[in-house]
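Residue numbers (the working numbering): 8 to 318.
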């Protein structure tokens with residue numbers, strides 16, 4: 008059986024009962040500069056989002072020197088736990104990590120120094136997680152600028168930033184593989200998020216070029232393997248002439264919905280596609296809590312939601 012959601016611009020977004028009956032959508036996000044920590048919202052249909060805990064923080068950040076919790080990414084791991092990584096600072100060389108069974112009670116926060124081996128690394132922004140079921144390991148990936156590493160594009164970003172995507176892997180969040188380059192196709196790139204289709208891996212990413220002509224849009228790269236190599240990026244899929252960041256995607260029976268932060272407008276946006284090729288802007292159809300910024304959509308059980316609502 009399928010549940011038909013409201014018709015949007017001539018099509019209907021469909022969610023199977025396996026997705027909607029026992030599962031709900033949860034969105035992790037931050038507000039302002041991320042100083043107060045983790046915020047959560049939930050949705051039955053993927054369009055209308057309600058804040059939890061009166062839109063107050065579920066977790067106060069303690070990792071890193073600046074103790075921020077920006078761009079929180081949460082996934083359900085192979086161990087049944089929710090695992091979260093986040094940006095701890097605008098300019099530190101590590102990221103934050105914690106885990107939870109119920110999204111309320113969290114482990115001790117951990118600072119992972121993923122780029123401290125690079126003395127010139129300026130930052131570690133918007134880390135994301137992917138659980139590799141085949142190898143039973145987690146891929147952690149993020150954007151970093153290392154001045155002079157890619158000199159041909161050093162002048163293309165804001166304030167000298169010139170990002171590329173890097174990664175490490177872990178099975179236990181205690182030991183980590185050596186940090187390596189994940190995505191470099193000769194342009195300034197941030198905010199990647201990876202999903203698996205039946206026959207390939209899809210990476211949604213942001214072209215972060217500011218000069219000489221601003222891009223600031225979302226594109227897609229593909230690979231036959233989780234760790235790449237990934238293809239050249241597609242043409243932009245986000246709305247034309249709108250600066251966006253922080254894509255987060257979720258598939259349905261009918262296609263793909265990608266949410267993102269329209270940060271210049273201080274609002275969230277979304278696009279939909281049946282085939283990952285033709286995209287429709289459905290921003291006017293989605294409603295997020297005021298102040299929502301760069302986050303991640305994921306699924307949780309109704310039991311978990313009951314606990315969140317009780318809090």
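Note that CB positions come from ideal geometry on N, CA and C, so glycine has one too.
Just so you know, these numbers come straight off a predicted model, no measurement behind them.
Cβ neighbours of residue 293 within its own chain (closer than 6 Å, five residues either side excluded): 54, 277.
Per DSSP, residue 45 lies in no beta strand (DSSP E) segment and is marked neither H nor E. In the three-state scheme derived from DSSP, where H, G and I count as helix and E and B as strand, residue 51 is classed as coil. Taken through DSSP and simplified to helix, strand or coil, residue 249 comes out as coil.
Annotated three-state conformation of residue 226 is strand, per DSSP. In terms of CA proximity to residue 213, 194 leads the group 272, 271, 205, 194. Check the Cα spacing between residue 182 and each of 289, 90, 311, 121: the tightest is with 121. Residue 79 is positioned such that its CB atom lies closer than 8 Å to that of residue 302. Counting the other CB atoms within 10 Å of its CB gives residue 232 a total below 16, which places it among the exposed residues. The bridge partners DSSP lists for residue 135 are 148.
Here the region 296-311 lies against the region 74-90, with 3 or more beta-carbon pairs under 8 Å apart.
Bounds of the alpha helix (DSSP H) holding residue 316 are 309-317. The DSSP-derived three-state label of residue 154 is coil. Distance from the CA atom of residue 264 to the CA atom of residue 119, rounded to whole angstroms, is 31 Å. Here the C-alpha atom of residue 106 lies approximately 10 Å from the C-alpha atom of residue 87.
Counting along the chain, the unbroken beta strand (DSSP E) around residue 277 starts and ends at 274-280. With distances taken between CA atoms, residue 296 lies nearest to 59 out of 164, 59, 205, 211.
In terms of Cβ geometry, residue 215 and residue 170 form a close pair [threshold 8 Å].
The beta carbon of residue 178 sits closer than 6 Å to the beta carbons of 144 from its chain, once the five residues preceding and following it are set aside; these are given in chain order.
In the DSSP secondary-structure assignment, residue 76 is not bridged to any residue. By the Cβ neighbour-count rule, residue 90 is buried, with 16 or more other Cβ atoms within 10 Å of its own. For the beta strand (DSSP E) assignment, the uninterrupted runs of no fewer than 3 residues enclosed by the region 171-239 are, from N- to C-terminal side, 187-190, 196-203, 208-214, 224-230. With respect to the C-alpha of residue 272, the residue from 164, 249, 35 having the closest C-alpha is 249.
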